[in-house]
Amino acid sequence: MTTVNILAYAVSSRGLQADVDEACRRFDGEGEVRPWSVACANPHSLVVAATDPGFAGALRNTDILLPDGAGIVLAARILGLPATHRVAGMDFFLELTRRARERGGLRYFFLGSSEAVLARVTARLAHEFPDIVVCGTYSPPFKAAFSDAENADMIAAVNAAKPDVLWVGMTAPKQETWIETHRGSLHVPVMGAIGAVFDFYAGTRKRAPQWVCDLGLEWLPRLLREPGRLWRRNFISTPIFLARVLKQRFGR
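Letter by letter, the sequence shown follows residues -5 to 246 of the numbering used here.
Written as structure tokens, this is what we have:
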């Protein structure tokens, strides 16, 4: 099995290396011609998607839905599904970038966040992965919805740069729905909705130590640092998610 069914979403059960293998096949012209997308699933996102049809559709239509969250791994265990190992968006980004270095480099375009964050991401990549060409960056207006003209400008900028990978960091559900809505207009082999990865890689937001991530507790330091922003997803969304998983488990 390559996916497991969690609340009617096909979450990848391949593991990090096989997920990256799938992405790399697209750079060699294998698979579908349309842009191939990656998104992340966590308890909060699946709860939000239950009341947002556009977001739900984007998650169901993505080519790989990463099990990004200890709650997703726990859900797979509750449901008696094949072992699913957590694959965070940051881990996918780093592993794909390492593979890109092995194959002689790729062209990246970063869409989202601020000019300052994009500059730091570009500088760090140039230092750590000089074979990666950042062929373009674009910081869109900070607003709930973009106009048709703004969307057209972003699409034109991406297509003109001819990237191999488009990384989108607008936070969920905005980034996933943007990719799904405009997929047919984008000429990019691989697209990834990776949210906070922009800030993690730029160093403007600190990721938990690896041993904390390995214990499935990456959410805890983030909650302690940003309780006002994250309390709802941990104390409301997570219990709702687990209740729905139990209903799936017992066939109700």
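Beta carbons are placed, not taken as given, at the ideal position from N, Cα and C, and that holds for glycine.
- Task: Decide if Leu105 is buried, meaning its Cβ has at least 16 other Cβ atoms within 10 Å, or exposed.
- Result: Leu105 counts as buried, since no fewer than 16 other beta carbons sit within 10 angstroms of its beta carbon.
- Task: Label Asp15 either buried or exposed according to how many other C-beta atoms from any shown protein chain fall within 10 Å of its C-beta, with 16 as the threshold for buried.
- Result: Asp15 comes out exposed.
- Distance, Cα to Cα, Leu236 vs Gln242? Between Leu236 and Gln242, the C-alpha separation is close to 10 Å.
- In three-state DSSP terms, what is Thr165? Three-state result, Thr165: coil.
- Measure the C-alpha to C-alpha separation of Leu10 and Leu60 and round it to an integer number of angstroms. In a straight line, the C-alpha of Leu10 is about 9 Å away from that of Leu60.
- Task: Just the C-alpha distance for Arg8 and Arg80, rounded to the nearest angstrom, thanks.
- Result: Using only the alpha carbons, I get a separation of about 10 Å.
- Task: Mind checking which residues open and close the beta strand (DSSP E) that includes Phe104?
- Result: Run containing Phe104: 101 to 106, per the beta strand (DSSP E) assignment.
- Message: If contact is defined by three or more beta carbon pairs under 8 Å, each pair taking one atom from either stretch, is the stretch 61 to 73 in contact with the stretch 153 to 163?
- Response: No: the two stretches stay apart, fewer than three of their Cβ pairs being nearer than 8 Å.
- Val191 beta carbon less than 8 Å from that of Phe87: Inclusion of Phe87 and Val191 in the CB contact set at 8 Å is warranted, their separation being smaller than that value.
- Query: Shortest alpha-carbon distance to Val(-2) belongs to which of Arg28, Ala35, Thr175?
  - Reply: For the residues Arg28, Ala35, Thr175, the minimum Cα distance to Val(-2) belongs to Ala35.
- Query: Since Pro61 sits in a beta bridge, which residues does DSSP pair it with?
  - Reply: According to DSSP, Pro61 bridges with Ala35.
- Quick one: using the 10 Å Cβ neighbour count with 16 as the cut-off for buried, is Glu109 buried or exposed? Exposed.
- Message: Distance check for Thr56 and Val182, CA to CA, integer angstroms please.
- Response: Cα atoms of Val182 and Thr56: separation of roughly 14 Å, rounded to the nearest angstrom.
- Rounded to a whole number of angstroms, what is the C-alpha to C-alpha distance between Ala138 and Gly48? Rounded to whole angstroms, Ala138 to Gly48 spans 14 Å at the Cα level.
- Please look up how many angstroms separate the CB atoms of Asp22 and Val111, rounded, as I've assumed it's under 8 Å. Between Asp22 and Val111 the beta-carbon gap is near 31 Å, outside 8 Å, which marks them as no contact.
- Message: DSSP three-state label for Ser7, please.
- Response: In the structure shown, Ser7 adopts coil according to DSSP, grouped into three states.
- Message: Between which residues of its own chain and Gly247 is the CB-CB distance below 8 Å, once the five residues before and five after are set aside?
- Response: A question about residue 247 goes unanswered here, because the residues of the chain that appear run from -5 up to 246.
- Item | Gly197 burial status per 10 Å Cβ neighbour count (16 or more: buried) | By the neighbour-count criterion, in which 16 or more other beta carbons inside 10 Å mark a residue as buried, Gly197 falls on the exposed side.
- Which listed residue (Gly98, Thr175, Leu68) has its alpha carbon closest to that of Asn145: Taking only the C-alpha atoms, the option nearest Asn145 is Thr175.
- Would DSSP call Gly186 helix, strand or coil? DSSP places Gly186 in the strand class (E or B) of the three-state scheme.
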